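Everything below concerns the one structure shown next.
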Amino acid sequence: MSSPKVSPDSHSGLTPAILAESPTGHAPGVPYSPVFDDVYHSAAGAWAQARHVFLSGNGLPGRWQGRERFVILETGFGLGNNFLATWAAWRADPQRCTRLVFISIEKHPLLQSDLVRVHQERALDTDEAEAQGMAARLCQAWPSLTPGMHTLDFDESGLPGAGPRTGVTLLLGLGDIATLLPAIVASVDAFFLDGFAPAKNPAMWDEGLISRLNRLAAPGATAATWSVARGVRDALTQAGFRVEKVQGFGGKRDMTQAVFEPRFTPPPLPGGLWPAPAETRHAMVIGAGLAGCAAAWALTRDGWRVTLMDRHEAPAQEASGNPGGLFHSIVHASDGVHARAHRAAALQTMALAGPWVRSGRVDGQCEGLLRLEPRLTDQQAHQRLAALGLPSDHVQWLDRPSASQRAGLDLPSGAWLFAQGGWLHPAGYAQALLEEARQTGLLQWQGQCHVRQVRRQEDGLWQALDAEGRPLADAPTLVLANASHITGLLASATSEIPPLALPLTPIRGQITWLAADHAQAHPPALPVAGGGYVLRLKDGRLLCGATTQHHDDDPTVRATDHTHNLTQAGRLGAWSHSPTTLDGIDIGPLHGRVGWRASTSDRLPMVGAAPLSPHALNGTGRWPDQVRRIPRLRDAQGGLYVIGGLGSRGITWAALAGRLLSHWVSGAPCPVEVDLRDALDPARFALKPPAH
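So the sequence shown is numbered by our numbering: it starts at 1 and just counts up by one.
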């Protein structure tokens, strides 16, 4: 819930909500906000209010019945009662939609402890056992209070081979509505306009924001609110809604209902949402590393058939074949798109893979990661954290003695401790993603397929061909996930309309590992990164690395690279020597592996619809100066998409990149704010036409 009266602790931090007992003159026993001088819901009951005002006011559950996906947008998450009541109604409806997506914005979220307390102390006005169980699951999944969008999944189910997973997704936006509402990319079927009273909380009911809900409204969308303020109704009318007053709830005579009936619907932008007809929901994904496996996971989860192809017999055989790799967030003073995107990715990886690691399904460690920062003094680091306002359950600064104690090593500097960080076995992670995809019955695996070119046929299908031009598979939608080879397949995609040459560079990397009982190896208690990295594998081995070598196609494991890796490990305290050469040092069995990571020039992944080259205009028009207006290789039947450039942080990026790719392909709500979507859009490289 937004307010101009309360400022966050910093430019990016969040101020948690304050709960108090209701004072005289307010509903007794109802949670109260002293900041807004208002109660969180009617004295007649939070769930009863949610059912009458928001569910019934939007024609639910009837309107979601038989739908594959239904999207709700709420302004003001508050205590979560509207979400819980909606989730309960979805669970109780045998004709429910396959997937319910509930987007909610909250500037002052509750601390997890307060959320637990408020739901434990209050008897909810519904079946208590079910309600308390659902509230407990919400509290357990409650994210670290970092600004931006957080994806929380509930009730993920479905019989093996029975099609897309059913479930409820809460896309929780933490921040000011004035910032987040324009940053949402979604096609919304129902709006829950909630919040403290307009007189108490005018920012939440800003007429300019409400009047632009048409940007998000799906055909036939509805809106409901307990407020009948004239400004709210006028803003909805301006947005293209037909507005009426209906019977209110809990002592209020009236409430507002609205139906989206615009006079004009503009065509979608090339970089906007393109919903595909049911009969064309089939994607061919080329490349089965982490990027391709994540794409297959996310697409099948959203009900798409996927043909996953790779030149190897099994998935995750190239850069994803290492025995371990790190994932973590980063801290930048400006908290710009790089820092925010990495944070979103690390949080998503932890939410998805953390339970798999804890259950033993995937090898790894998700108990935190230390990243050295020798350029900062302790005082400077604490000042940076205070300025950013990031919560301690996401990141803390540890001085050198404290960081060394946590790592069990003599570290050279203080470090950031990222709670949502650790390491994973890349191939095991990829296999878990594919297992999830296989359980839907929507995944077809085709190994040992050497795709050398792709083309679009006259019937609109994309076709993959081998070196002799023989067809291997086809589908209406094509996803290129084959690392640095993406550029070559893009060049073959079409001869009539040239695609953009994307700046993907293969970077050689060699890792080193030593036996668990090696006398000179000292595996850390927590993974440590910074000028190299060290981690303890599940069997106790020390893994260290990695080299970074451009324009190097040598596949052999080199002694000089082992020297480099062990030198870095020595600086981190994980290796007893800091050799300049391995000559004369009895290190025993030494193992290594070489792989190539595909990296972009700005070190961010590329996820989205493949852009055309500025040469496609042939001098017939002006090239767009906004990324969402760049023309793409797609239409209403399907298109060509890219997911790649994950670089050395493939584990960190995979889950978020997969969800973002599915958003582009399937039209699901975007899991990140629009500026982060733009920052990862491959069309960003088309904004500046080449000089003539």
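C-beta: ideal position from N, C-alpha, C; glycine also.
It should be emphasised that the depicted structure is a prediction, and the values quoted were computed from it without experimental measurement.
Query: Opposing strand residues paired with A598 [DSSP bridges]; Result: P506
Query: CA-to-CA distance, Q396 to G414, given in whole angstroms; Result: 11 Å
Query: Endpoints, beta strand (DSSP E) assigned at S157; Result: 148-157
Query: Assumed close pair H150, A135 - CB separation to whole angstroms, cut-off 8 Å; Result: The Cβ separation is near 18 Å, so there is no contact.
Query: Where the alpha helix (DSSP H) containing L174 begins and where it ends; Result: Not the alpha helix (DSSP H): L174 falls in the beta strand (DSSP E), residues 166-174.
Query: CB of A609 within 7 Å of CB of G639, strictly; Result: yes
Query: Cβ-Cβ distance between L290 and A546 below 7 Å; Result: no
Query: Candidates S392, L84, S648, R99: closest to Q65 by CA position; Result: R99
Query: Rounded separation between P147 and L461 - CA only; Result: 41 Å
Query: Beta-carbon proximity of G324 to L84, cut-off 7 Å; Result: no
Query: Segments of 3+ residues assigned as beta strand (DSSP E) that fall wholly inside the region 384-428; Result: 395-398, 415-418, 422-424
Query: Helix, strand or coil at G368 [DSSP, three-state]; Result: coil
Query: Proximity winner among K200, G240, G195, W205, relative to R215 (alpha-carbon distances); Result: G240
Query: Helix, strand or coil at F241 [DSSP, three-state]; Result: strand
Query: Euclidean distance between Cα positions of A616 and G441; Result: 39 Å
Query: A464 to I103 span [Cα, whole Å]; Result: 37 Å
Query: Distance between G422 and T377 (C-alpha atoms, nearest Å); Result: 24 Å
Query: Beta-carbon proximity check, A346 vs T560, cutoff 7 Å; Result: no
Query: Start and end residues, alpha helix (DSSP H) containing V674; Result: 674-680
Query: Through-space distance from P219 to S492, alpha-carbon basis; Result: 37 Å
Query: Sub-7 Å separation of A288 and P315 beta-carbons; Result: yes
Query: Chain-order list of residues whose beta-carbon lies under 8 Å from that of D474 (same chain, five-residue window excluded); Result: M284, Q457, L461, W462, Q463, A464
Query: Sequence-distant residues of its chain with Cβ nearer than 7 Å to I486 (five each side left out); Result: L480, L502, L504, V642, G644
Query: Buried/exposed call for R597, threshold 16 Cβ in 10 Å; Result: buried
Query: N-terminal and C-terminal residue of the beta strand (DSSP E) that H282 is part of; Result: 282-286
Query: Neighbourhood of R233 by C-beta distance below 7 Å, restricted to the same chain and skipping five residues each side; Result: V243, T256
Query: Per DSSP, cross-strand counterpart(s) of W47; Result: Per DSSP, none; premise fails for W47.
Query: Counted within 10 angstroms of its Cβ, other Cβ atoms place E279 as buried (16 or more) or exposed; Result: exposed
Query: Any 3 or more C-beta pairs closer than 8 Å across the region 328-341 and the region 514-523; Result: no
Query: Alpha-carbon to alpha-carbon, Q448 and H11; Result: For H11, the predicted model reports a pLDDT of 41, less than 50, meaning its position is unreliable; a value from the coordinates is still stated below. So the alpha carbons of these two residues sit roughly 51 Å apart.
Query: Backbone secondary structure at H342 - three-state DSSP; Result: helix
Query: Cβ pair I630, A679 closer than 7 Å; Result: no
Query: CB of A203 within 7 Å of CB of L443, strictly; Result: no
Query: Candidates A529, E313, W226, of which the one nearest L372 by Cα; Result: A529
Query: Collapsed DSSP secondary structure at P4 in the structure displayed; Result: Bear in mind that a pLDDT of 29 at P4, under 50, signals an unreliable position, so the model cannot answer this.
Query: Residue range of the alpha helix (DSSP H) that includes R91; Result: 81-92
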